[in-house]
Amino acid sequence: MAATADALSPREYRRIHRTLLRSRRNAGRENEPIPKHYLQLPAEELDERIAAVRRKLGERVLVLGHHYQRDEVIKYADLRGDSYKLATFAATRRDSEYIIFCGVHFMAESADILTDEHQSVILPNPTAGCSMADMADIDDIVECWEQLTDAVGESIVPITYMNSTAALKAFCGAHGGIVCTSSNAAAVYEWAMERGEKILFFPDQHLGRNTGLKFGIPLDEMVVWDPAEPVLGGNAAADVRNAKVILWKGWCSVHTRFTVTQVEFARRQHPDVNVIVHPECPMEVVQAADYNGSTEFILKTITEAPAGTIWSVGTEINMVNRMAAENLDKKIFCLDPIVCPCSTMYRIHPAYVAWVMEDLLEDKVTNQVSVDPDVAHWAVVSLERMLTVH
């Protein structure tokens, strides 16, 4: 582990590991299925029933919507944003007893970690997960960590992307590491390299690689750790010793759809086009684009751009379409000509929102997301470190 004042003893390490494993097992429990009649309700009735609950509960309930949500759900949101913005906003609304998080599971976990005990975070559909977050299992991370420290020593700083489970955030907190967002990843790299000789970055290899290049780390000092490979993630020992960054073999199923060919086609069709993409895209796409940044960066850049400008956007289609509808003075279109929704985000449907909200009128909290207190403690440590980095 990285040499820090709060480094763990072997005994503490084993205790935290057991807690993380217990958290993973608990997360896998089945939740109550939605009553079938909700799925048969017409859109207009769902709207009316949700509005009726809002009138009765008032500020006791807060609805948050991620940028990638469909319009049929985002219209209910009191605030929309990326995962970090929504989680931190939830933490400021201490008067809201119930937080309906219209996003995916790891986002709701972050909100639960940052809110008070009297607040309940609810994920309308508990099957709304994240394929990227699921690519980094805590068992595999611990195995990777133990192999790495055996091979190269303990001067390694783990960094987990905000788009990860609470268990991974806790692992970083307990091992001298930190959380990053897509907007502060370069600053987090600097923080980490001041504290160790190497970075272990998970779960998204593309954000990790693009950030490493931005930070000035060459490709030959970055290796990819494949958890399917039993020895050193499929790497030679010499390559691991030489590497400054060990990248987990994970990726976003939406952002890896974008290609250089699509960028070239957009430029042929619109010679004055501005290409802007998310840093979860492959390295070649990020380098071919004019701009890259977080969802909030993309939204701000396009919203503040001059009228008449043309934008081809490499991110989720619901967000792209919404920006186009709200910026009619510009031409905005998705870099991928084939619709590319976030399929797991799409599992949040107005029927699920109506169900969990109406249950609240009967003092029943359905599909609550609760993080183990020990896991939450160490996750907060890594999140608080992140808040010190700008």
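This note's numbering puts the sequence shown at residues 309 to 698. Glycine included, each C-beta is placed from N, C-alpha and C at the ideal position. Predicted, not measured: the structure shown is a model, and the values here were computed from it.
| Asked | Found |
| --- | --- |
| Residue from M470, S439, E498 whose Cα sits closest to the Cα of R487 | The question names Arg, but residue 487 in the sequence shown is Val. It is M470. |
| Contact belief for P535 with D448 at Cβ below 8 Å, rounded distance in angstroms | 4 Å |
| Per DSSP, the bridge partner or partners of R374 | The question names Arg, yet the displayed sequence has His at residue 374. G389, per the DSSP bridge assignment. |
| Burial state of P466, where buried means 16 or more other Cβ atoms lie within 10 Å | buried |
| Nearest to A546 (by Cα), restricted to the options V460, E592, C452 | V460 |
| Cβ neighbour criterion (16 or more within 10 Å) applied to A419 | buried |
| Nonlocal neighbours in the same chain, by C-beta distance under 7 Å from M415, ignoring five residues either side | H374, S391, L394, A395, F409 |
| Residue from L695, A684, E537, P341 whose Cα sits closest to the Cα of E425 | A684 |
| Close-in-space but distant-in-sequence residues of the same chain around A543 (CB under 6 Å, 5 per side omitted) | Correcting the residue identity first, residue 543 is Asn in this sequence and not Ala. Excluding residues within five positions, the ones whose Cβ falls inside 6 Å are V531. |
| Proximity below 8 Å, CB of G541 to CB of C589 | no |
| Strand pairing of P466, partner residues [DSSP] | L508 |
| F641 (DSSP reduced to helix, strand or coil) | strand |
| Contacting residues, own chain, Cβ-Cβ under 8 Å from L422 (five flanking each side not counted) | A395, T396, A398, A399, V688, L691 |
| Reduced DSSP category for Q455 - H, G, I as helix; E, B as strand; rest coil | helix |
| Proximal residues to L515 (C-beta, below 7 Å), its chain only, five neighbours per side dropped | Y469, S490, A493, P587, E588 |
| Inter-residue CB distance, F523 and W556 (contact presumed, cutoff 8 Å) | Actually they are not in contact, since the Cβ atoms of F523 and W556 sit about 17 Å apart, beyond 8 Å. |
| From M627, I656, H657, T611, residue whose alpha carbon lies closest to that of D637 | T611 |
| Residues sharing a beta bridge with C488, DSSP | Y469 |
| Paired residues, beta bridge with C410 - DSSP | G373 |
| As assigned by DSSP and simplified to three states, the class of S428 | strand |
| Inter-residue Cα distance where the pair is E405 and V429 | 9 Å |
| Best match in E356, D386, L431, D644 for proximity to V677 [C-alpha to C-alpha] | L431 |
| Proximity winner among V381, Q377, V369, K344, relative to D355 (alpha-carbon distances) | V381 |
| Interface flag, L555 vs chain D, CB-CB below 8 Å | You won't find chain D in this structure, because it holds only one protein chain. |
| Within 8 Å, strictly: CB atoms of S463 and G504 | yes |
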